[in-house]
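Below is one structure, written out as structure tokens; comments come after it.
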Ligand code: NAD
Ligand code: ZN
Ligand code: ZN
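Residue numbers (the working numbering): 605 to 997.
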């Protein structure tokens with residue numbers, strides 16, 4: 605079958621590889637009909653996430669039809685049309701039972717690697733390095749889904765693939781980022797990063813009652829998409845204005861009530877602090893470039909919330925943690941507990957509150973992956989989100 609493989613940093617190819625097989629009675633095999641490229645995949649391609657191996661199949665945002673099930677599956681069956689959360693959950697451990705499925709204690713066979721770095725591990729993740737289990741991803745014609753009864757979520761035929769595909773990751777991720785803020789009526793939310801996660805964080809902040817969102821990026825098409833989400837939105841190009849000054853003046857000197865970092869470890873920036881991060885990261889003296897996160901810490905109003913869906917991989921330098929402590933900020937973050945959002949967010953889509961397909965700007969086949977990855981990485985041609993359709997006849 606065809607699959608999109610990570611062959612080394614900056615080397616993504618569509619390869620012919622063997623089809624997956626059932627290896628555990630709780631598995632299912634899904635024939636993939638739609639799969640997306642995520643900003644998290646860019647961290648892999650750029651070589652910032654350790655423990656990738658040449659030939660690893662990429663992709664953690666995918667959906668399709670179940671074509672085979674193991675003998676112990678009870679809930680899902682052949683023929684079901686399903687979306688699959690990027691976090692792999694057993695459904696039975698303490699974290700799963702309490703809705704913290706991205707922290708499932710049973711699905712990462714390589715937890716020891718993460719424990720060395722972080723003290724504890726996340727759940728297994730599809731297509732996201734050996735540190736998170738080495739599971740083959742879904743940018744392929746077929747994918748094996750472990751714990752299929754928990755991981756396969758049926759979606760109605762009345763909705764298109766592009767309307768439900770983003771339930772696998774970025775819609776719940778943006779929603780959880782906004783929910784983590786504890787938004788009250790009248791609140792102002794600042795969102796750094798207008799990529800797919802930022803766009804869903806903006807939309808979710810409004811759904812949860814924010815009065816105004818201030819969206820920060822530098823890519824014109826992404827700022828325009830952010831602006832188009834609501835008349836109340838103000839956008840800032842961080843290369844054109846002093847973000848901290850603007851945020852102060854837009855909030856009467858107080859600072860935003862909540863600050864969402866939807867940028868993560870590959871932030872860009874201007875001036876000395878950005879040059880400092882770039883050089884230290886190149887020399888491997890720092891793993892991440894937390895430019896946006898630092899700014900969010902300084903910008904946030906006293907008593908406000910810092911919500912961080914952006915991915916960080918390790919050790920961050922020159923963090924103004926004194927600002928977090930002295931201003932009494934609440935810090936909330938995490939890989940998304942996707943499973944807990946599937947039903948409520950599907951209801952929002954079904955009910956017409958949101959049509960997540962607004963995010964898709966580029967489409968193609970698995971063979972187009974190298975070009976699509978490049979276009980998404982460089983944010984060319986107004987690219988916000990790429991969807992590939994394997995098995996499209
Ligand atoms: P993306 O790369 O498409 O978007 C990031 C955006 O940030 C870009 O538009 C870029 O121009 C902008 N940016 C860079 N530096 C900035 C700065 N200093 N200020 C403001 N904007 C800046 O990625 P995405 O798909 O939207 O994902 C965003 C982040 O969320 C990534 O780190 C990704 O790994 C992470 N993510 C986390 C989860 C989770 O479970 N927590 C899930 C999905 C994605
Ligand atoms: Zn993702
Ligand atoms: Zn579990």
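Built from N, CA and C at the ideal position, the CB exists for glycine as well.
Burial state of residue i, where buried means 16 or more other Cβ atoms lie within 10 Å
i: residue 658; result: exposed
i: residue 711; result: buried
i: residue 940; result: buried
i: residue 772; result: buried
i: residue 660; result: buried
i: residue 807; result: buried
i: residue 889; result: exposed
i: residue 870; result: buried
i: residue 850; result: buried
i: residue 675; result: exposed
i: residue 898; result: buried
i: residue 998; result: Residue numbering for the chain in the displayed model covers 605 to 997; residue 998 lies beyond these limits and cannot be assessed.
i: residue 923; result: exposed
i: residue 900; result: buried
i: residue 824; result: exposed
Residue i vs residue j beta-carbon contact at 8 Å
i: residue 680; j: residue 632; result: yes
i: residue 731; j: residue 662; result: yes
i: residue 949; j: residue 779; result: yes
i: residue 652; j: residue 873; result: no
i: residue 606; j: residue 745; result: yes
i: residue 862; j: residue 785; result: yes
i: residue 654; j: residue 725; result: no
i: residue 931; j: residue 906; result: yes
i: residue 795; j: residue 902; result: no
i: residue 737; j: residue 636; result: no
i: residue 952; j: residue 991; result: no
i: residue 867; j: residue 896; result: yes
i: residue 996; j: residue 969; result: yes
i: residue 638; j: residue 765; result: yes
i: residue 689; j: residue 649; result: no
i: residue 801; j: residue 774; result: yes
i: residue 974; j: residue 904; result: no
i: residue 790; j: residue 815; result: yes
i: residue 959; j: residue 767; result: yes
One or two residues paired with residue i in a DSSP bridge
i: residue 943; result: None; residue 943 has no bridge partner.
i: residue 840; result: 820
i: residue 612; result: 615
i: residue 748; result: 633
i: residue 667; result: 638 and 687
i: residue 796; result: 820 and 865
i: residue 920; result: Answer is none; residue 920 lacks a bridge partner.
i: residue 910; result: 863 and 935
i: residue 729; result: 691
i: residue 991; result: 640 and 967
i: residue 878; result: Its beta-bridge partners do not exist; DSSP assigns none.
i: residue 620; result: 606
i: residue 757; result: 687
i: residue 893; result: 870
i: residue 673; result: 632
i: residue 660; result: 610
Inter-residue CB distance, residue i and residue j (contact presumed, cutoff 8 Å)
i: residue 894; j: residue 920; result: 5 Å
i: residue 822; j: residue 842; result: 6 Å
i: residue 677; j: residue 942; result: Between residue 942 and residue 677 the Cβ distance is about 20 Å, and since that is not below 8 Å, they are no contact.
i: residue 749; j: residue 634; result: 6 Å
i: residue 703; j: residue 944; result: 4 Å
i: residue 683; j: residue 692; result: The pair is not a contact, with the Cβ atoms about 22 Å apart (cut-off 8 Å).
i: residue 641; j: residue 980; result: 5 Å
i: residue 812; j: residue 787; result: 5 Å
i: residue 781; j: residue 752; result: Rounded, the Cβ-Cβ distance is 28 Å, inconsistent with contact.
i: residue 818; j: residue 845; result: Contact doesn't hold; Cβ gap of about 11 Å is too wide.
8 Å Cβ cutoff, residue i in contact with chain B
i: residue 663; result: Among the protein chains of the structure shown there is no chain B, as only one such chain exists.
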